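> Whatever position you read off the sequence shown (first residue = 1), add 6 for our numbering. There's a structure below that I have some questions on.
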Amino acid sequence: MQITVYNPQKGRLETINAEFTKDNTTWFHNCRKSSDIYMITDIDGNILIREFNYSYPCMIYDISRSDIDFNQKKAKQLLTGC
C-alpha cells in the first residue's frame, strides 16, 4: 500500500510503498497520549516510526527495529530528531 511519510534527510513528505505485517512491524498497544509511539516498521533497511496520532510517520535511514531492541522508548528518542 502507498503511504505518505516525512523524510527528515530530504526535509519533505514523500510517498512510499509499505506493507505492515507481523514480520516487519511492532505495534505498541499501551498508548495513552498522542505523542506515544504506536508502531515501528522495518522498510528496506530503514525504520518507519508512527506516533499515536494523525501526523505523518517518520522514516529514519540505516537503522532497524533490532538496532533499537524493538523498544518504544528508543524509538521515541530517534523521533526527537525528526
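Beta carbons are placed, not taken as given, at the ideal position from N, Cα and C, and that holds for glycine. Since this is a predicted model, take the numbers as computed values, not measurements.
With DSSP as the reference, label residue 42 as helix, strand or coil.
It is coil, neither helix nor strand.
> Quick check on this structure: which residue in 9, 52, 58, 46 has the alpha carbon closest to the alpha carbon of residue 28?
Closest option to residue 28, Cα to Cα, is 46.
> Cutting at 7 Å between CB atoms, please list the residues of its own chain near residue 13, excluding the five before and the five after it.
Closer than 7 Å at Cβ, skipping near neighbours: 20, 65.
> Report the residue from 44, 62, 25 whose alpha carbon sits nearest the alpha carbon of residue 76.
Ranking the options by Cα distance to residue 76, first place goes to 44.
> Taking residue 8 as part of the beta strand (DSSP E), name the residues at either end of that continuous run.
Residue 8 -> beta strand (DSSP E) spans 8 to 13.
> Please go through the same chain and pick out, in chain order, the residues whose beta-carbon is closer than 6 Å to the beta-carbon of residue 37, but skip the five residues on each side of it.
Taken in chain order, the residues that qualify are 44, 58.
> Per DSSP, residue 56 is paired with what?
Partner(s): 45.
> Would you report the Cα separation of residue 41 and residue 84, rounded to the nearest angstrom?
Approximately 13 Å between the Cα atoms of the pair.
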